[in-house]
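Position in the sequence shown counted from 1, then plus 10, gives you the numbering used here. Think of the CB as a built atom: it goes at the ideal place given N, C-alpha and C, for glycine as much as any other residue. Report on one structure; see the data block that follows.
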Amino acid sequence: MSRLELIDEDIRNIPEYVPGKSIEDTARKYGLDPSSIIKLGSNENALGPSRKAVQAIVDNADKVHLYPSADAGELVDALSMYLDIPASNICATGPGMDGLLDNLMRLIIQEGDEVIVPIPTFSYYEIAARANGASVKYVERKESFRVNTEAIQKAVSSRTKVIFLCSPNNPSGDLVPEPDIRMLLESFPGLVFVDEAYVEFAEHSVTNLVMEYDNLIVGRTFSKIFGLAGLRLGYGIMPSWLKKEYMKTATPFNVSLLALKAGVASISDKAHIEKSIAMVKEGRKYLQERIPFKVYDSMANFVLVDVSPRSASDVCETLLKKGVIVRDCRSFRGAGNSLIRVTVGTREQNVRVVEAFRST
Ligand SMILES: *Cc1c(COP(=O)(O)O)cnc(C)c1O
Numbered sequence: 011m012s013r014l015e016l017i018d019e020d021i022r023n024i025p026e027y028v029p030g031k032s033i034e035d036t037a038r039k040y041g042l043d044p045s046s047i048i049k050l051g052s053n054e055n056a057l058g059p060s061r062k063a064v065q066a067i068v069d070n071a072d073k074v075h076l077y078p079s080a081d082a083g084e085l086v087d088a089l090s091m092y093l094d095i096p097a098s099n100i101c102a103t104g105p106g107m108d109g110l111l112d113n114l115m116r117l118i119i120q121e122g123d124e125v126i127v128p129i130p131t132f133s134y135y136e137i138a139a140r141a142n143g144a145s146v147k148y149v150e151r152k153e154s155f156r157v158n159t160e161a162i163q164k165a166v167s168s169r170t171k172v173i174f175l176c177s178p179n180n181p182s183g184d185l186v187p188e189p190d191i192r193m194l195l196e197s198f199p200g201l202v203f204v205d206e207a208y209v210e211f212a213e214h215s216v217t218n219l220v221m222e223y224d225n226l227i228v229g230r231t232f233s234k235i236f237g238l239a240g241l242r243l244g245y246g247i248m249p250s251w252l253k254k255e256y257m258k259t260a261t262p263f264n265v266s267l268l269a270l271k272a273g274v275a276s277i278s279d280k281a282h283i284e285k286s287i288a289m290v291k292e293g294r295k296y297l298q299e300r301i302p303f304k305v306y307d308s309m310a311n312f313v314l315v316d317v318s319p320r321s322a323s324d325v326c327e328t329l330l331k332k333g334v335i336v337r338d339c340r341s342f343r344g345a346g347n348s349l350i351r352v353t354v355g356t357r358e359q360n361v362r363v364v365e366a367f368r369s370t
């Protein structure tokens with residue numbers, strides 16, 4: 011017997027998470043100077059973190075021998091003010107929103123359970139669900155990536171525990187209309203998870219519906235607008251009955267001391283938040299108007315480009331050689347071979363990415 015058989019076959023069959031390419035790997039592979047490379051493949055904030063967050067990290071560096079608070083209360087209180095939602099409905103989580111997804115699946119998935127994932131979308135829903143024993147039903151989106159709510163309802167069985175919705179969706183950038191979300195919340199006895207990782211760049215959020223429905227969870231992150239991807243900090247807004255159970259099974263101290271302090275400082279830096287939003291709104295318009303392929307409308311800090319009849323891998327390779335990292339979407343289940351996701355960067359970065367696309 012191979013030792014590999016110690017691991018359940020369903021787990022062995024999970025596809026690997028494919029991250030965006032790093033500057034270091036790209037520099038090595040193409041023989042480029044790392045400082046000449048621009049990284050627009052992982053939807054990070056091109057303005058970096060808030061200076062207040064950096065200061066909070068420095069100020070607290072000599073306290074890292076101490077455990078942080080177990081419930082991240084200081085951060086939860088700051089989030090409560092920021093969102094105008096009671097603290098009893100908010101959980102701060104590490105590592106990132108991914109930690110929220112994993113803890114949640116661990117809490118609610120039982121043998122034989124199913125979850126529903128509209129595709130193409132963020133791949134970690136499927137990984138977190140399958141790693142915790144669920145099977146996944148994939149529902150294809152309609153024209154222009156619109157979520158197919160009728161098909162989702164048809165896919166629901168007595169074993170369906172969670173429907174995952176991503177709004178704005180990664181990689182397509184569109185919002186799930188609120189009436190569609192309400193319809194699912196009202197007709198489905200399980201939980202609806204709405205991922206709002208990019209919601210600050212959009213015109214609409216459904217976070218407040220958590221106060222209205224006892225089966226809605228909204229996932230949020232400090233990795234995108236707040237520019238703290240390296241600290242791995244996220245949060246969830248959920249009904250208070252669920253927070254109680256969630257806190258019992260979450261890994262203790264999963265929000266590190268430095269993440270907690272940087273998170274609180276980031277929330278207080280309204281100027282940095284506004285500047286980031288303004289940069290993204292201007293930049294995505296610029297990219298949409300100038301990239302010489304079909305570019306979808308986006309409510310997020312990235313745009314989706316369809317390079318057909320060319321292939322995404324071809325075009326990405328050409329861009330990489332020029333030191334421009336973008337995201338080839340072939341690893342997104344159901345995305346096909348011609349989609350590329352481009353993070354909105356600074357003005358200079360956007361100019362460079364457009365030039366690179368024009369000369370492919
Ligand atoms: C980036 C991203 C996340 C994960 O964020 P972390 O907080 O860094 O784990 C979740 N959902 C979507 C759609 C994302 O794009």
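Per DSSP, reduced to three states, the secondary structure at V157 is coil, with no helix or strand assignment. I277 and K234 have their C-alpha atoms spaced approximately 13 Å apart. Distance from the CA atom of D224 to the CA atom of M248, rounded to whole angstroms, is 8 Å. Around the beta carbon of M91, fewer than 16 other beta carbons sit within 10 angstroms, so the residue counts as exposed. For A322, the enclosing alpha helix (DSSP H) stretches over residues 322-331.
Residue side-chain check: G51 keeps its Cβ at 7 Å or more from all non-hydrogen atoms of ligand 1. Note on geometry: alpha-carbon atoms of G51 and V220 lie some 32 Å from one another.
Cα atoms of S145 and D123: separation of roughly 6 Å, rounded to the nearest angstrom. Here F211 carries a helix assignment [DSSP, helix/strand/coil]. Rounded to the nearest whole angstrom, the C-alpha separation of E54 and A207 is 11 Å.
A distance criterion of 7 Å places the beta-carbon of T231 in contact range of ligand 1, judged by its closest non-hydrogen atom. Excluding its 5 nearest sequence neighbours in each direction, P128 has C-beta neighbours in its own chain below 6 Å: V149, R151, V157, listed in chain order.
Annotation for F236: S276 place their beta carbon closer than 6 Å to its own, counting only its chain and skipping 5 residues before and after. Taking the Cβ of G344 as the reference point, every heavy atom of ligand 1 lies at 7 Å or farther away. In this structure, DSSP gives A102 an extended state, which the three-state scheme calls strand.
Shortest Cα-Cα distance from N113 to any of R169, G183, I191, N142 involves N142. Short of 7 Å from the beta carbon of P78, and not among the five residues preceding or following it, lie these beta carbons of its own chain, in chain order: F263, V265, S266, L267, L270. Judged by the Cβ position, G244 qualifies as a neighbour of ligand 1 at the 7 Å threshold, a heavy atom of the ligand being closer than this. Beta-carbon to beta-carbon, G106 and R242 are separated by about 4 Å, close enough to satisfy the 8 Å threshold. Between the region 292-309 and the region 67-81, the count of C-beta pairs closer than 8 Å stays below three; the two stretches do not touch. For D279, same chain residues with a beta-carbon under 6 Å away, outside a window of 5 residues either side, are S60, K62 in chain order. The beta carbon of D108 sits closer than 6 Å to those of Y134, all from its chain and outside the five residues before and after it, given in chain order. D307 carries a coil assignment under DSSP once its states are collapsed to helix, strand and coil. Residue environment for E26: exposed (fewer than 16 other C-beta atoms within 10 angstroms of its C-beta).
Counting of Cβ neighbours within 10 angstroms places D43 among the exposed residues, the total staying below 16.
DSSP, reduced to helix, strand and coil, places I24 outside both helices and strands of the structure shown, so it counts as coil.
Taken in chain order, the complete alpha helix (DSSP H) segments of 4 residues or longer contained in the region 224-298 are 250-259, 267-278. Within the chosen limit of 7 Å, ligand 1 does not reach the beta carbon of M257 with any heavy atom.
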